[in-house]
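Chains as they are written, first to last, in the numbering used here: chain C, 8 to 119; chain Y, 108 to 222. From the three backbone atoms N, C-alpha and C, an ideal C-beta is built for every residue, glycine too. What follows is a short report on a single structure.
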């Protein structure tokens, strides 16, 4: 079973920040939080990941709560091309091979 | 870097025939690859873990004789849907472990339609 829960859908106005929440209350100390997105009929695309510190890259920011039981992906200035399904996944350390179990994800619709 | 190529992107086959889907890591070696299946408007469902040089590990409920997986080299894994039927029509996606901590890279998917 997926270790994460996300709202099924969200809308966001173009140019505004999109904040996508994820609950992972059973996360273990060595598990990372990964975010991917899937645009219609394509494979998932990596966005960002983190362990316990907040992270930022050219695509997004990841805010992880201090207890690590939840996180928020922030797309600072959403565009129409950001319309996609966003998946939050928890995964173990890279010392082993851990499979991704996808939850239902959040379908983000960016509105013009 | 870390590109995964999946081929074909789209295939239509007749009921009863077999179809092979290839997943290649183009610029890195992948000892482990994963195969997923996705129905319309649903999430990805893990089918199996493909390990180079050994047998694949299938998830519960996935028929290993129906979905044959071969991982003969560090850059290639194949999924063969044998004796395909219309209910096997789906979107199949592979992924491969990247050599860094940046998670898994996914292929672009294969849309299989069995008529």
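| said: Output needed in chain order: residues of the segment 31-61 of chain C with a Cβ under 9 Å from some Cβ in chain Y. | reply: 39, 41, 43, 45, 48, 49, 50, 51, 52, 53 and 56
| query | In whole angstroms, what is the alpha-carbon distance linking residue 96 of chain C and residue 42 of chain C? | reply | Against the first chain, residue 96 of chain C aligns to sequence position 89. Against the first chain, residue 42 of chain C aligns to sequence position 35. So the alpha carbons of these two residues sit roughly 6 Å apart.
| query | What number of angstroms, rounded off, separates the C-alpha of residue 123 of chain Y from the C-alpha of residue 141 of chain Y? | reply | Your numbering for residue 123 of chain Y matches position 16 in the second chain. Your numbering for residue 141 of chain Y matches position 34 in the second chain. Distance between the alpha carbons of residue 123 of chain Y and residue 141 of chain Y: 25 Å.
| request: Have a look at the DSSP bridge pairing and note the partners of residue 145 of chain Y. | output: As a working mapping, residue 145 of chain Y is identified with position 38 in the second chain. In DSSP, residue 145 of chain Y forms a bridge with Y/151 and Y/198.
| message | Could you compute how far the alpha carbon of residue 114 of chain C sits from the alpha carbon of residue 200 of chain Y? | response | Counting from 1 along the first chain, the entry for residue 114 of chain C is found at position 107. Counting from 1 along the second chain, the entry for residue 200 of chain Y is found at position 93. If you take the alpha carbons of residue 114 of chain C and residue 200 of chain Y, they lie about 19 Å apart.
| query | Which word fits residue 117 of chain Y, buried or exposed, when buried means at least 16 other C-beta atoms lie within 10 angstroms of its C-beta? | reply | By 1-based counting over the second chain, the position of residue 117 of chain Y is 10. When all chains shown are included, residue 117 of chain Y counts as exposed.
| query | What whole-angstrom Cβ distance do residue 145 of chain Y and residue 197 of chain Y have, given they're in contact under 8 Å? | reply | By 1-based counting over the second chain, the position of residue 145 of chain Y is 38. By 1-based counting over the second chain, the position of residue 197 of chain Y is 90. Indeed they touch by this definition, with Cβ atoms about 7 Å apart.
| query | chain C beta carbons: is any one of them nearer than 8 Å to that of residue 211 of chain Y? | reply | Residue numbering aside, residue 211 of chain Y sits at position 104 when the second chain is read from its first letter. Yes, because at least one Cβ of chain C sits closer than 8 Å to the Cβ of residue 211 of chain Y.
| Coarse secondary structure for residue 102 of chain C, derived from DSSP in three states | Locating residue 102 of chain C in the first chain gives position 95, counting from the first residue. Residue placement at residue 102 of chain C cannot be trusted, given a pLDDT of 49 that sits under 50; what the coordinates show is reported in the next sentence. Three-state result, residue 102 of chain C: coil.
| For residue 171 of chain Y, the nearest candidate out of Y/112, Y/113 and Y/190 (CA to CA) | One-based indexing of the second chain puts residue 171 of chain Y at position 64. Comparing Cα-Cα distances from residue 171 of chain Y to each of Y/112, Y/113 and Y/190, the minimum goes to Y/190.
| request: Can you give me, in chain order, the residues of the segment 175-199 of chain Y that have a beta carbon less than 8 Å from any beta carbon in chain C? | output: 198
| said: Short of 8 Å in beta carbon distance, which residues of its chain neighbour residue 124 of chain C, apart from the five on each side in sequence? Order them along the chain. | reply: Any question about residue 124 of chain C goes unanswered here, given that chain C covers just 8 to 119.
| message | Under 8 Å, Cβ to Cβ, is there at least one residue of chain Y near residue 111 of chain C? | response | What you label residue 111 of chain C is simply residue 104 of the first chain in a count that begins at 1. By this cut-off, residue 111 of chain C is an interface position.
| field | Option nearest residue 153 of chain Y by Cα separation, candidates Y/218, Y/161, Y/166 and Y/147 | value | For the purposes of this step, residue 153 of chain Y is taken as residue 46 along the second chain, with counting starting at 1. The residue with the shortest Cα to Cα distance from residue 153 of chain Y is Y/166.
| query | What is the DSSP secondary structure of residue 302 of chain Y, counted as helix, strand or coil? | reply | Within the shown structure, residues of chain Y are numbered from 108 to 222, placing residue 302 of chain Y beyond reach of any answer.
| task | Go ahead and label residue 56 of chain C buried or exposed: buried means 16 or more other beta carbons lie within 10 angstroms of its beta carbon, across all protein chains shown. | result | Your numbering for residue 56 of chain C matches position 49 in the first chain. Its Cβ being crowded by 16 or more others within 10 Å, residue 56 of chain C is buried.
| request: Provide the residue(s) that pair with residue 43 of chain C in DSSP beta bridges, ordered along the chain. | output: Position 36 of the first chain holds residue 43 of chain C. DSSP, once it has assigned bridges, lists C/53 and C/94 as partnering residue 43 of chain C.
| message | Spatial neighbours of residue 211 of chain Y within its chain, please: C-beta separation below 8 Å, excluding the five flanking residues on both sides. | response | Here the question's residue 211 of chain Y lines up with position 104 in the second chain. So the qualifying residues of the chain are 141, 202, 203, 204 and 205.
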